[in-house]
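First comes the structure, then the notes that go with it.
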Amino acid sequence: MYDETIQRSARKQKAEPILFEHPMQDVVVGCFDRRTADPVSVILTGTAGDGKTHLCRQVWKALNGEEKAWASNDPHLTLEYQYPKDRLAWPDNTDPSLLRPIKIHFIRDLSGWVPQSGIDWEPAKQELLLRFCGSLVSPEHDEVFLIAANDGTLLETWRKLPQIDVVVRARELFEELLVRERQERAGVRLRFFNLSRTNSAELFDRALDAFLKHPGWTDLRSQAGTQTGLFGPQCPIRHNFELLGNDLVRGRLRALLELCDHNGLHIPIRQILLLLTNALLGHPAAKDHLMSADDVPKIIEAGTTSMASLYNNIFGANLPEIRRLEVTVFDYLERFQIGHETSNRIDNILIFGEGDEHLGAYFDTLVAKDSFYGADSRFYAAKKQYIEGTDETGEKSQAFLDLLRSQRRAMFFKIDKSFETELKLWDLTVFRFAGEYLNDVASVLRRGGPVKRPILSRLVKGLNRVFTGMLVNSDRELFLATSGNNSQAKVSRILIEAVSVDPKKGEKVILRHDSADDRINLIVFFTPELYVPFELTLIRYEFLSRIAMEGALPASFSKECYEDLLALKSQLLATHAKRQALDGPVEGGAVRLGILALTDQGMPDPRYVEVIP
Amino acid sequence: MTANHPVPLPSPEIIDPSMWVDEAIWGHRLHDEQSPWMVFLEFLNVFQYELEKGRAFEEPNGFNTLKYQAAQRLYLRNILFNNPHIAEVRAEVAHNDNRWDEWLKRMKKSATGIAQPDFAYLRERFHTFDDFADVIALVRSSSIEVDSNKRWTSKFVFPFGKHCLYEDLDNKASSNDRRFFGRTGEMLYLMCCRARSKKELLAALVQSIKKADPTWDRIVRTLQPAEDDSPSRDRANAFLPYGTNNGFDDLAEDWLAILRLNIAGFDVFPHLVNLAGLHVVKYQLSVSRQWIGLDTPPSFVCEVVAPRKTLVREVSCELYQENNLLPAQAVEAYLARIEASSEWKQALTEHGSFEKCRSILREAVRWGEDDDYSGSSNPESLFAELRRSAMKRHRQHVANIHRNYGREIGLVSKRGTVKLRYAPNDSLLKTLLLANVEKRMELNDFLAKLMTRYGIVFGDREAENVLTKGDFDKKAFRANSRRLEQRLGSLGVLKRLSDACAYVVNPYCQEAK
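Protein chains in written order, with the numbering used here: chain A, 215 to 827; chain B, 19 to 531.
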């Protein structure tokens, strides 16, 4: 229960904790509002740091639970609450005769409450959970539960209970709700919230606002003393703080988290706070790789301010590699390969830009002007050495390449929106189409607008290339082909069907945003009723785009996407067969085969062959 | 030797083969040159014949009385695999009719194994010679082991339907020399006959034949004359020594699981082949262990290939070596049992012991004629010679099943090292998943199931059960199962819910929804 630790440590430090409203708070607390909801049990699940205990506490407070009881170590608390006997008739009544008492059990930390593995159940606990299972299906039950548990623990606990009917059914229910991402099932008195499905970008907005608005900053600013003091004009912590508040930096960081969401990588609140803290305080040479107040003057004096670069700290570059990869958020951000990926143009600006007639202006704005993390004397010296090639051991070149990596990272956060296209900002990441994905696909669809036709065409072209194994250039139809014996073959020359991309006789291929789970889907319609949706994650978007543009499979993430697309093809073939079944069997004896070949322009040119039995 | 060694069924009355040791232990016979695909094709030939006779998966006349005939389809095979003329004719001859004429002329001359070859019927069945050529190219490209350089009589069209089934033949296309149809498919058929769920399996196979897209079978049939075909003489003498075995039941259940999935068209076959191969390997090793007197089933500690050498790899290599020696040890144990029998001991003490012993061996292992043995007339050297020749014969084929089949189905590999070990490839992992996960299953449960069902070990919980303290390293096996998780993820069959919870998901089940 990390929430408790935070509360305690805030009390001890006499600092206010960073507080913001969890996006799910209204919904969860609302489940216990007797005016609008009948007694219902709630399970809060999710990864460590998703805010499970925090939300439990909000419910406890809303129901006037005692703070002292909450502060105890007991993972199981109860309180009694009066619910109207008939909510629809008298939701607000206080007449005791019209109310009935309901006992609410708070199991705020299931893992701390159930027996450790290998130890037997305490009968009372086991009995309580069996009662919980029973209460799910009996509306008259006078107990409800609020259980906070990591999903693994939840299922493991139900596996350890005696496998009687109600237990098995409850476990199946949890599994179903988890895997199919549902919050409830008809006829069951349970609301099930998987906090790992909360939008990371939204959490980031809330967390960052609370972080920046913390009163402690104002105090610090008012106490800032000398030039080299804490929060003084040269203080890297202060500079990092200001950068975090900068719209451009904030926007780019948010974009990365949003893209993580679109790749199915969820970042819990605790990780976001960890990211913010590390971004602000990181310095590889400081104790624990984080700057303390006392470190600031020393760092400024030693001239190592640039090592506190927020742009590096965002990626955990202040931490040793082993530590860094253990932290989820850094592991996820690492996957963008920012700092490692680049384009000639960006590197030319960084290496040869100084004083160049075309690139000089960029170098000045993006690098030279930044007195904190831009070009310092170390950078200029290393660059000179690198260009002149006087380094024989390679050691110094390596040092320069490290600096270059930091500068590329900084570039990612410095290039202004108006130069995004010209400087190909997203070439600094492994996802070159990520900017387009966010701006021209995700946000357009979210607003209900149409995606530009060339984008859809490109995706279709990519799909066609994967489905046929040939360098098809066509984008007006989606070609479903097999190799005769294997729908998953690398090269498929037997044309089964061509599905029109533009609406035609019920067929179409469209992109759509699903507001229920904030996902982008590519949907292939065979008829208005028969269709196959395919979640267009960022990684799949990138894969298809690159196949369409370059024809080559980007090795780094090709295999997973390729398998996904073969599975899609198999689904499409099955759906096509379903539509054909509706048409009935083909009359006549001849067998007709479409053999797919390509014209010189890469346009499919099927040749039909008949076999007469 | 423990008392509860397996008791094989009586062997059939046949003269061939010359020695009956491997056969008595595992059956007639496991053949290493017959790849799992060939095993499956041979199986299909038997199955199709017995199905038409209305007795599939029954042994109506008792154990090991299977008698069937296989098609030969020499017109089809000459056209597909003994026909270099199409491209030449297209290049050299203009006009459709001339092409047909020329091609028919050439085929008449070169076709093998057909008494009066006449391919003229094909002309009626295609609009043009070019259409014909294109169709041939397609059918050929879908054939089994398409790039192999086997003789043309050992090449097989994909089993789209019954018109695609025929047996392996020798170079001259005159007789089945048992080179690539070495009866392992017949054994596989007998295993199914003796499986608990054979009725369900039969129903599922029949259903899948019914459901299959008939297009390609029709095309292949079109390539054959109306009255093809003269089937083979009776094929008999297949022998599977055990009336029941858990492995037979597991095989049938695995196949059933696959057949029940909603997989497109013929995509099920590769999985059936993988499972057939796996169960044959497992059968050989389990029976070996029983003969040696080990009462636990074999285990396969599998490495999910790591970039560097790991402890799991070491353990896997060692275990592979150990398992690889099991069949030879079983042969030793089998012979030792004869030597320890009261009959043999009695014979040693009697007058004319050499001849008596010799006759015991003739009876027990069909060995001991003058051709087999010409050494001195004493029972000890006779038996020593038996040992030597039995081992020699064993090493030629039967000893290689574990390695060859293991490699063919993707269980055994040298990837990233020089030594063989268990390192399943993606195709086998997918097969295992489809056979064992109906809808979805927690990753840990999946690992546990692979262990109990096949002895396949990936994770630390399972490894702890099968390995000695010295070989077990929790960390190494944890890392191994993490790599497995990543691999499954890259195959699109893993859904990670959080840091604590991951599911393996059967993608074909979702489609059915």
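Quick reminder that beta carbons are idealized off the backbone N, C-alpha and C, glycines included.
Pick from the options that is closest to residue i, judged by C-alpha positions
i, options, result
"D334 (chain A)", "A:Y576, A:P376, A:I316, A:G649", "A:P376"
"L429 (chain B)", "B:L447, B:A151, B:A275", "B:L447"
"K792 (chain A)", "A:V746, A:Y755, A:T813", "A:V746"
"L458 (chain A)", "A:N735, A:F418, A:C474", "A:F418"
"C320 (chain B)", "B:R425, B:F464, B:V475, B:K487", "B:V475"
"F490 (chain B)", "B:E357, B:A417, B:E332", "B:E332"
"R592 (chain A)", "A:F577, A:F614, A:G574, A:I601", "A:F614"
"R248 (chain A)", "A:T259, A:Y295, A:K226", "A:Y295"
"K229 (chain B)", "B:N264, B:W273, B:D267, B:F284", "B:F284"
"F144 (chain B)", "B:Q52, B:K437, B:Q242, B:S508", "B:Q242"
"E482 (chain B)", "B:S317, B:N524, B:R411, B:Q414", "B:S317"
"W274 (chain A)", "A:Q239, A:L302, A:F234, A:R301", "A:Q239"
"I257 (chain A)", "A:N408, A:L344, A:S352", "A:N408"
Beta-bridge partners of residue i, as assigned by DSSP
i, result
"N408 (chain A)", "A:T259"
"M459 (chain B)", "B:V522"
"E515 (chain A)", "Note: E515 (chain A) sits in no beta bridge, so no partner."
"L313 (chain A)", "A:P298"
"V475 (chain B)", "B:V319"
"P249 (chain B)", "P249 (chain B) pairs with nothing; no bridge assigned."
"G496 (chain A)", "A:L504"
"K722 (chain A)", "A:F739"
"S714 (chain A)", "A:E691"
"A292 (chain A)", "Residue identity check: residue 292 (chain A) is Thr in the sequence provided, not Ala. For T292 (chain A), which the question treats as bridged, DSSP gives the partners A:H319."
"P747 (chain A)", "A:I737"
"R806 (chain A)", "A:E824"
"Y440 (chain B)", "B:V430"
"D728 (chain A)", "A:R733"
"R249 (chain A)", "DSSP lists no partner for R249 (chain A)."
Residue i to residue j span [Cα, whole Å]
i, j, result
"E764 (chain A)", "D641 (chain A)", "15 Å"
"I826 (chain A)", "L810 (chain A)", "20 Å"
"L208 (chain B)", "I321 (chain A)", "57 Å"
"S325 (chain A)", "A363 (chain A)", "7 Å"
"T643 (chain A)", "H554 (chain A)", "8 Å"
"A530 (chain B)", "A222 (chain B)", "Bear in mind that a pLDDT of 37 at A530 (chain B), under 50, signals an unreliable position, so the number given afterwards is only what the model happens to contain. Using only the alpha carbons, I get a separation of about 17 Å."
"N422 (chain B)", "C775 (chain A)", "32 Å"
"L465 (chain B)", "W44 (chain B)", "29 Å"
"V658 (chain A)", "Y651 (chain A)", "10 Å"
"T20 (chain B)", "R201 (chain B)", "Any reading at T20 (chain B) is ruled out, since the residue's pLDDT is 42, under 50, leaving its predicted position unreliable."
"L564 (chain A)", "E548 (chain A)", "22 Å"
"H49 (chain B)", "E77 (chain B)", "23 Å"
"P534 (chain B)", "V416 (chain B)", "With chain B covering only 19 through 531, there is no way to say anything about residue 534 (chain B)."
"Q134 (chain B)", "T171 (chain B)", "18 Å"
"G808 (chain A)", "N116 (chain B)", "26 Å"
"V674 (chain A)", "A244 (chain B)", "45 Å"
Q) Using Cβ-Cβ distances below 8 Å, what residues of the segment 320-341 of chain A are close to chain B? A) Residues of the segment 320-341 of chain A with a Cβ closer than 8 Å to any Cβ of chain B: none.
**Q.** Residues of the segment 472-484 of chain B whose Cβ lies closer than 7 Å to any Cβ of chain A, in chain order
**A.** none
Q: Report the residues of the segment 500-517 of chain B with a CB closer than 8 Å to any CB of chain A, ordered along the chain.
A: G507, S508, L509, G510, K513, L515, S516, D517
Q: Select from the segment 455-469 of chain B all residues with a C-beta closer than 8 Å to any C-beta belonging to chain A, and list them in chain order.
A: R458, E460
Q) Relative to chain A, which residues along the segment 269-294 of chain B have a C-beta separation below 9 Å, given in chain order? A) For the segment 269-294 of chain B, the set of positions with a beta-carbon nearer than 9 Å to some beta-carbon of chain A reads N280, I281, A282, G283, F284, D285, F287, P288 in chain order.
Q: Residues of the segment 220-236 of chain B with a CB closer than 7 Å to any CB of chain A: list them in chain order, please.
A: T233, W234, R236
Q. Could you give the uninterrupted runs of the alpha helix (DSSP H) lying entirely in the segment 76-144 of chain B, keeping only those of 4 residues or more?
A. 92-99, 103-110, 114-128
**Q.** Where the segment 673-703 of chain A meets chain B: residues whose CB sits under 7 Å from a CB there
**A.** S697, G698, N699, N700, S701, Q702
Q. Curious, which full-length alpha helix (DSSP H) runs of at least 4 residues does the segment 139-202 of chain B contain?
A. As far as the segment 139-202 of chain B is concerned, its whole alpha helix (DSSP H) runs of at least 4 residues are 147-159.
Q. For the segment 148-164 of chain B, which residues have a beta carbon sitting closer than 8 Å to at least one beta carbon of chain A?
A. Of all residues in the segment 148-164 of chain B, D149, D152, V153, L156, V157, S159, S160 have a Cβ within less than 8 Å of some Cβ in chain A.
Q: May I ask you to list, following chain order, the residues of the segment 814-826 of chain A that have a beta carbon less than 8 Å from some beta carbon of chain B?
A: R821, V823, E824, V825, I826
Q: With 8 Å as the limit, tell me which residues of the segment 90-104 of chain B have their beta carbon closer than that to any beta carbon of chain A; keep them in chain order.
A: none
Q: For the segment 334-358 of chain B, enumerate the residues whose C-beta is nearer than 9 Å to any C-beta of chain A, in chain order.
A: none
**Q.** Ranges of the alpha helix (DSSP H) found wholly within the segment 410-484 of chain A, counting only runs of at least 4
**A.** Unbroken alpha helix (DSSP H) runs of no fewer than 4 residues, entirely contained in the segment 410-484 of chain A, are found at 414-426, 429-437, 450-459, 461-476, following chain order.
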